[in-house]
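*Asks:* Could you have a look at this structure, given as structure tokens, before my questions?
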Amino acid sequence: MPTLDSPNRIPAGRFSLQFDHGDSLKCLGCCHGLILLFSARRLEVLVWDPITGDRHRVAIPPGFYELKTSITGVVLRAAGDGRHFLVALAVIEQNVGMQHARAQAFACVYSSETGVWGNPISTLLQSEVGHTPTPGIRILTSILTPAMCFSGKSTDAVLVGDSFYWMVTRVLHGTLTSSRILELDLDGQSLNVIPVPVVRSGLTNCHMCVMRAEGGGLGFLFLSCFSAQFWNGKTDCHGVASWELGKTIELDKLLSLEIERTACPHILGYASQNNVVFLWTRVGVFTLQLESLEFKQIFETDILPSYYPYESVYTAETGIGGKQDGAELLHNT
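Encoded structure:
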């Protein structure tokens, strides 16, 4: 769905992708004008440049997706060479035993320049130990019911510095029970878990996403019905990370919406290059520019859609053409 006016509007036909019969593609995210799609049947990802029509198929590492309950990923152009790209995949594996339960995240990075995947890296997301309320009976509060997964509408990774960040949540019957931020440090080749600044288990009308804070650091948006809190990540001289509340705004006052006829907003996605969040309400889909707090209605709808914000600046050098080892290049005609 184009959001810009002419002459900057990209024709909607550019985003029509034809694929083989029987294929079901899941969009993992968009970055640097590229779109990353995942085929569970083929066990491969498709890197697609809608502007040039270039497409690359890359097989995922053997065994990487098996028995995993949640997968996400991101693609970005390699530094200094717009024709090469990196793909980062992240998955969550759940393990439950009689005495404990744990969730572990794995990540792996592919370079089109070398045509190979790097070694998988991992980190522990959550570990729970059963308790014994009566002799001989041990009860396990399982992380599999519900499982931890990459957060619903806001699965897109946010690039801050040399790291990508994803939201990881656990929701039971529409109620948020726990949440974390997963960091993939591309420079240090490490996975890290960051606690969120707002911990309120049991809320039903709340949404959250990672964002770019003022000044370019890591930020966090917490939306509880119409109240939006903007948090800024801080690191002290000893390297200890913390959060600081920046500002709180009431969206219904900015939108001038009638509360009685409007359901609580949902976060549909975040466009990091323009620092814009996409919001759904019963009266339509809006964009909110987080610096100017300017609202713009994209269209009217009472249906909650799935959105993946796409941002691109096209020049003659932005294509990802050229054959890379390990990746199959296809051209649109």
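If you read the sequence shown in the numbering used here, its first letter stands for residue 43, the second for the next number, and so on.
All residues carry an ideal CB built from backbone N, CA and C; glycine is no exception.
(1) What are the residues that DSSP puts in a beta bridge with residue 312?
(2) Counting pairs of beta carbons, one from the region 341-354 and one from the region 302-319, are three or more of them closer than 8 Å?
(3) For residue 74, which residues of its own chain have a beta-carbon under 7 Å away from its beta-carbon, when the five flanking residues on both sides are left out?
(4) Within the same chain, show all residues whose beta-carbon is closer than 8 Å to that of residue 305, passing over the 5 residues directly before and after it, in chain order.
(5) Quick one: grab the DSSP three-state call for residue 294.
(6) Please classify residue 354: does DSSP put it in a helix, a strand, or coil?
(7) Across the region 287-296 and the region 259-277, are there enough close Cβ pairs to call them in contact, namely three or more that are closer than 8 Å?
(8) Below 8 Å on the Cβ atoms is my contact criterion, and I expect residue 128 with residue 145 to pass it. Report the Cβ-Cβ distance as a whole number of Å.
(9) For residue 67 versus residue 85, is the C-beta distance shorter than 8 Å?
(10) If distances are taken between C-alpha atoms only, which option among 224, 230, 228 and 247 comes closest to residue 236?
(11) Is residue 98 helix, strand or coil by DSSP?
(12) Ends of the beta strand (DSSP E) at residue 252?
(13) Quick one: residues in its chain with C-beta nearer than 6 Å to the C-beta of residue 148, no 5 flanking neighbours on either side, listed in chain order?
(14) May I ask you to report which of helix, strand or coil DSSP gives residue 192?
(15) What residues are listed by DSSP as bridge partners for residue 163?
(16) For residue 116, name the three-state secondary structure that DSSP assigns.
(17) Quick check: the Cα distance between residue 222 and residue 206, rounded to an integer number of angstroms?
(18) How would you call residue 270, buried or exposed, if buried means at least 16 neighbouring beta carbons within 10 angstroms?
(19) Do residue 337 and residue 297 count as a contact pair if the criterion is CB distance below 8 Å?
(20) Give me the Cα-Cα distance between residue 247 and residue 268, rounded to the nearest whole angstrom.
(21) Helix, strand or coil for residue 261? Go by DSSP, reduced to three states.
(22) Please report the distance separating the alpha-carbon of residue 279 from that of residue 240.
(23) For the beta strand (DSSP E) that residue 268 lies in, which residues bound it at each end?
(24) Run the proximity test for residue 98: is its beta-carbon closer than 7 Å to any non-hydrogen atom belonging to the ligand PLP?
(25) For residue 72, which residues of its own chain have a beta-carbon under 6 Å away from its beta-carbon, when the five flanking residues on both sides are left out?
(26) Taking the alpha-carbon of residue 114 as reference, which of 105, 204 and 191 has the nearest alpha-carbon?
(27) How big is the Cα-Cα spacing for residue 82 and residue 295?
*Replies:* Reading off the structure:
(1) As a first step, residue 312 must be located in the sequence shown, where it is residue number 270. Looking at the DSSP assignment, residue 312 forms a beta bridge with 319.
(2) yes
(3) Walking along the sequence shown from the start, residue 74 turns up at place 32. If we look at residue 74 and ignore the five residues flanking it on each side, its Cβ neighbours are 118 and 119.
(4) Translated into the one-based positions of the sequence shown, residue 305 becomes position 263. Hits under 8 Å: 323 and 324.
(5) By 1-based counting over the sequence shown, the position of residue 294 is 252. When DSSP states are grouped into helix, strand and coil, residue 294 belongs to the helix group.
(6) The count along the sequence shown starts at 1 and reaches residue 354 at position 312. It is coil, neither helix nor strand.
(7) Segments in contact, yes.
(8) Here residue 128 refers to the residue found at position 86 when the sequence shown is read from its first residue. Here residue 145 refers to the residue found at position 103 when the sequence shown is read from its first residue. Residue 128 to residue 145, Cβ: 26 Å. No contact.
(9) Mapped onto the sequence shown, residue 67 falls at position 25. Mapped onto the sequence shown, residue 85 falls at position 43. Result no, Cβ atoms of residue 67 and residue 85 do not sit closer than 8 Å.
(10) Counted from its first residue, the sequence shown places residue 236 at position 194. Nearest C-alpha to residue 236: 224.
(11) If you number the sequence shown from 1, residue 98 lands on position 56. Strand, per DSSP.
(12) By one-based count along the sequence shown, residue 252 stands at place 210. Per DSSP, residue 252 belongs to the beta strand (DSSP E) from 248-254.
(13) What you label residue 148 is simply residue 106 of the sequence shown in a count that begins at 1. Only 133, 162 and 164 meet the Cβ criterion.
(14) Position 150 of the sequence shown holds residue 192. DSSP places residue 192 in strand when its eight states are reduced to three.
(15) What you label residue 163 is simply residue 121 of the sequence shown in a count that begins at 1. Note: residue 163 sits in a beta bridge opposite 149.
(16) Within the sequence shown, numbered from 1, the residue matching residue 116 stands at position 74. In this structure, residue 116 counts as strand in the three-state DSSP scheme.
(17) Counting from 1 along the sequence shown, the entry for residue 222 is found at position 180. Counting from 1 along the sequence shown, the entry for residue 206 is found at position 164. So the alpha carbons of these two residues sit roughly 14 Å apart.
(18) By 1-based counting over the sequence shown, the position of residue 270 is 228. With 16 or more other CB atoms across the displayed protein chains lying within 10 angstroms of its CB, residue 270 is buried.
(19) Here residue 297 refers to the residue found at position 255 of the sequence shown. Here residue 337 refers to the residue found at position 295 of the sequence shown. Closer than 8 Å, so yes.
(20) Translated into positions along the sequence shown, residue 247 becomes position 205. Translated into positions along the sequence shown, residue 268 becomes position 226. The alpha-carbon of residue 247 is positioned some 9 Å away from that of residue 268.
(21) Position 219 of the sequence shown holds residue 261. Strand at residue 261.
(22) On the sequence shown, residue 279 is found 237 positions in, with the first residue counted as 1. On the sequence shown, residue 240 is found 198 positions in, with the first residue counted as 1. Cα to Cα, the separation comes out at about 23 Å.
(23) Along the sequence shown, read from residue 1 onward, the residue named residue 268 stands at position 226. No beta strand (DSSP E) contains residue 268, which DSSP labels as neither H nor E.
(24) The ligand PLP is absent from the structure shown, which contains no ligands of any kind.
(25) Looking up residue 72 in the sequence shown gives position 30. For residue 72, where only same-chain residues beyond five positions count, the Cβ hits under 6 Å are 350 and 352.
(26) Along the sequence shown, read from residue 1 onward, the residue named residue 114 stands at position 72. The residue with the shortest Cα to Cα distance from residue 114 is 191.
(27) Here residue 82 refers to the residue found at position 40 when the sequence shown is read from its first residue. Here residue 295 refers to the residue found at position 253 when the sequence shown is read from its first residue. Going from the Cα of residue 82 to the Cα of residue 295 covers about 43 Å.
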